[in-house]
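Chains A and B supply the protein sequences, listed in that same order.
Sequential numbering of the first sequence, starting at 1, is according to my numbering.
Sequential numbering of the second sequence, starting at 1, is according to my numbering.
Contents: one structure, followed by commentary.
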Amino acid sequence: MILNFYAIKAIYKFEMSRTYRTPLQSFASPVIATVLYFVVFGSAIGNRMTPIDGISYGAFIVPGLIMLTVMTQSVANASFGIYFPKFLGTIYEHLSAPISSFEMVIGYVGAAATKSAGVGCIILAVSFLFVPLKVQHPLLMLGFLLATALCFSLLGFILGLWAKDFEQLNLVPALIITPLVFLGGSFYSIDMLPSLWQTVSLFNPAMYVISGFRWAFFGVSDVPIMISLVSIAILAIVFFAIIWRIFATGYRLRQ
Amino acid sequence: MSAIVQIELLTKKYDDGKLALKDLSVEFMKGEIIALLGPNGAGKTSLISIICGLTTISDGRVTVDGFDIQSDYRKARSLIGLVPQELMLEPFETVMGTVSLSRGLFGQAPNDEYVEGLLSRLSLWEKRHSPIRELSGGMKRRVLIAKALSHEPKILFLDEPTAGVDVDLRRDMWRLVKELQAEGVTVILTTHYIEEAEEIADRIAVINEGQILLVEDKSVLMKRLGKKELLIELSESLIAIPQGLAGLGVRLQNDGRQLSYSYDMATEKSGIPEVLGALKIEGIGFSDVHTEQSSLEDIFIELVAER
Numbered sequence: 001m002i003l004n005f006y007a008i009k010a011i012y013k014f015e016m017s018r019t020y021r022t023p024l025q026s027f028a029s030p031v032i033a034t035v036l037y038f039v040v041f042g043s044a045i046g047n048r049m050t051p052i053d054g055i056s057y058g059a060f061i062v063p064g065l066i067m068l069t070v071m072t073q074s075v076a077n078a079s080f081g082i083y084f085p086k087f088l089g090t091i092y093e094h095l096s097a098p099i100s101s102f103e104m105v106i107g108y109v110g111a112a113a114t115k116s117a118g119v120g121c122i123i124l125a126v127s128f129l130f131v132p133l134k135v136q137h138p139l140l141m142l143g144f145l146l147a148t149a150l151c152f153s154l155l156g157f158i159l160g161l162w163a164k165d166f167e168q169l170n171l172v173p174a175l176i177i178t179p180l181v182f183l184g185g186s187f188y189s190i191d192m193l194p195s196l197w198q199t200v201s202l203f204n205p206a207m208y209v210i211s212g213f214r215w216a217f218f219g220v221s222d223v224p225i226m227i228s229l230v231s232i233a234i235l236a237i238v239f240f241a242i243i244w245r246i247f248a249t250g251y252r253l254r255q
Numbered sequence: 001m002s003a004i005v006q007i008e009l010l011t012k013k014y015d016d017g018k019l020a021l022k023d024l025s026v027e028f029m030k031g032e033i034i035a036l037l038g039p040n041g042a043g044k045t046s047l048i049s050i051i052c053g054l055t056t057i058s059d060g061r062v063t064v065d066g067f068d069i070q071s072d073y074r075k076a077r078s079l080i081g082l083v084p085q086e087l088m089l090e091p092f093e094t095v096m097g098t099v100s101l102s103r104g105l106f107g108q109a110p111n112d113e114y115v116e117g118l119l120s121r122l123s124l125w126e127k128r129h130s131p132i133r134e135l136s137g138g139m140k141r142r143v144l145i146a147k148a149l150s151h152e153p154k155i156l157f158l159d160e161p162t163a164g165v166d167v168d169l170r171r172d173m174w175r176l177v178k179e180l181q182a183e184g185v186t187v188i189l190t191t192h193y194i195e196e197a198e199e200i201a202d203r204i205a206v207i208n209e210g211q212i213l214l215v216e217d218k219s220v221l222m223k224r225l226g227k228k229e230l231l232i233e234l235s236e237s238l239i240a241i242p243q244g245l246a247g248l249g250v251r252l253q254n255d256g257r258q259l260s261y262s263y264d265m266a267t268e269k270s271g272i273p274e275v276l277g278a279l280k281i282e283g284i285g286f287s288d289v290h291t292e293q294s295s296l297e298d299i300f301i302e303l304v305a306e307r
């Protein structure tokens, strides 16, 4: 048995069924939040803003809003997905099953990324209702969306493995992830910042991801597209290496 | 009968320095029901957790049907089903959903016929679409058993299976264990209910302070270590033990209405004819004679106290 496909499928199906049980929480809630952003920033404030790089502000924030939701949802989905079995004690079954850490990651991260990428697609569809939008590189946009969902789901998985309680589970996204995403250029181009904050932004990994995603939409970005692609690959490798290490040592899983 | 689980010089030391198992070696045989008996903190759950993959090994080796649980963990674990002590279940999932998850985790293709048979056998079929949070405690324990059996394991571990379980469910579980044995499943259970071990186990392993004190066939154990007591109901009360019985180890009890005499079943000469002969010589009449055998609990307490 090279890979335990039945286990991967079982975990994936089990996690997705959680989504179907709570459609309002899973889909409606992030979509409503994003619609509010469109109304406030896109329509109300956006009408008074000058275009950025020739793009209307309402359209400019679409990639940022999608990334904002995909990143935060990926982290939330994946962290909860693995933390909840730990909290309930049902993780015993995964630890006693003939599955590798890699298979667990595929199942949990795959399901979390599917959910957040799905929400991202819904938000994209909704955004067409609010602003005139044309995606210049649709395949690359889709690839970026999936890569971001996977990458931040890996991060969420690490958080879920590490967290000892619900407070830790919620604090990290609130204190670290959300600020990084907001300050990563979701609502602005970093050219608009004072030079000091432009330099600070270069240390924010979320900025590279958002910039690359925006390039796929409009062909303009804060950093070259290749740097964004390399950044997301490096992030994924680092996150996966951390997970591998956690499973290898049994950290907070096996005594 | 060949061994299905072999444990060699197993040691477990936790990060906090607690030594849970010390050079423990034992074998569990194919198709048997073996009870691991021991007081709280003896190392029973640590032993099971290691075999099932929940806890790491500090030193030693464990094989399951010849497969090393570390280097060949996939093959080893696929043979094992575990029913934990606590009711650990996802409350919002349905019975069918959680049992299907278990089967998949253990690498088995979906098999509706088998799962239907399993749920029916555990009286869960009618509840298959119910969320687990709506089930009673007894039903939840059945779900845990269904999950452990969902991938058709060859070895079933039951960790304190009847802790907090009502009499009916306890009887049902004992019956199920016997049925599984008849189907060729090896059942290893931990318990501190002596009557549970006495009722269903073929062999008893007594564990204390991380070491196996003994592993013995239940009947042999009771015969070897068991003491019997001869109780003689007297026709008339005695004030003291008569001279003729004094040297035989007889005790007077129940306000002088009963004589008791303890003897060892393992020895050839029980001493009973001598006691009865002395009664006749002394002219002491009796209305009834019966014997009582020491229970596994007595043996267990004696063993643990000795070490």
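Built from N, CA and C at the ideal position, the CB exists for glycine as well.
In the three-state scheme derived from DSSP, where H, G and I count as helix and E and B as strand, V215/B is classed as strand.
Secondary structure at I246/A: helix, using DSSP grouped into helix, strand and coil. Residues of the segment 67 to 88 of chain A with a Cβ closer than 7 Å to any Cβ of chain B, in chain order: L88. DSSP lists E8/B as the beta-bridge partner residues of R61/B. According to the DSSP assignment, F80/A belongs to the alpha helix (DSSP H) that extends over 57 to 88.
Taking a C-beta cut-off of 7 Å against chain A, the contacting residues of the segment 29 to 55 of chain B are C52, G53, L54, T55, listed in chain order.
Between I204/B and I34/B, the gap from beta carbon to beta carbon is short of 9 Å. Taking 9 Å as the cut-off, the beta carbon of L10/B is found no closer than this to the beta carbon of Y92/A. Using a Cβ-Cβ cut-off of 7 Å, Y208/A is close to nothing in chain B; its nearest Cβ partner there is about 37 Å away.
Rounded to whole angstroms, F286/B and E236/B show a C-alpha spacing of 8 Å. P161/B is outside the set of residues whose beta carbon lies under 9 Å from a beta carbon in chain A. Under the DSSP definition of a beta bridge, Q70/B lacks any partner.
P179/A has its alpha-carbon roughly 21 Å from the corresponding atom of V39/A. By the 16-neighbour rule on beta-carbons within 10 angstroms, Y261/B is buried. Listed along the chain, the chain B residues whose CB falls inside 7 Å of the CB of A149/A amount to none; the nearest CB is some 23 Å away. Interface residue (Cβ-Cβ distance to chain B less than 9 Å): I123/A is not classified as such.
Interface criterion met: the Cβ of L105/B is under 9 Å from a Cβ in chain A.
L253/A places its beta carbon 9 Å or farther from that of L155/A.
A residue is called buried when at least 16 other Cβ atoms come within 10 angstroms of its Cβ; V83/B meets this threshold and is buried.
Counting only Cβ-Cβ distances below 7 Å, A109/B has contacts in chain A at Y6, in chain order. Within the segment 17 to 51 of chain A, those residues whose Cβ lies closer than 8 Å to any Cβ of chain B are, in chain order, S17, R18, R21. The C-beta distance from S74/A to A149/A rounds to 5 Å, short enough to fall under 8 Å.
With contacts defined by Cβ atoms closer than 9 Å, F157/A and I243/A form a contacting pair. With a threshold of 9 Å between beta carbons, G17/B makes no contact with chain A.
Contact annotation: the segment 3 to 20 of chain A does not touch the segment 32 to 51 of chain A, with fewer than three C-beta pairs closer than 8 Å. With its beta carbon at least 9 Å from every one in chain A, L21/B lies outside the interface.
Contact of I80/B with chain A is assigned, a C-beta pair being separated by under 9 Å. Each of A174/A, R18/A, L24/A was checked against the Cα of T94/B, and the nearest Cα belongs to R18/A.
Closest in C-alpha terms to S26/A, from the list P132/A, A112/A, E103/A, comes A112/A. Looking at the backbone, the Cα of T190/B and that of L221/B are separated by about 18 Å.
By the Cβ test, the segment 61 to 74 of chain B is not in contact with the segment 46 to 63 of chain A, since fewer than three Cβ pairs between them sit closer than 8 Å. Nearest CB-CB separation between L101/B and chain A: below the 9 Å threshold. When C-beta distances to chain B are compared with 9 Å, every residue of the segment 124 to 158 of chain A stays at or above that value. When 9 Å is used as the limit between beta carbons, G97/B is near these residues of chain A: K13, F14, S17, in chain order. In the DSSP assignment, Q258/B forms a beta bridge with E233/B, Q253/B. The contact set of G110/A on chain B, defined by CB atoms closer than 9 Å, is empty, because the minimum CB distance reaches about 14 Å.
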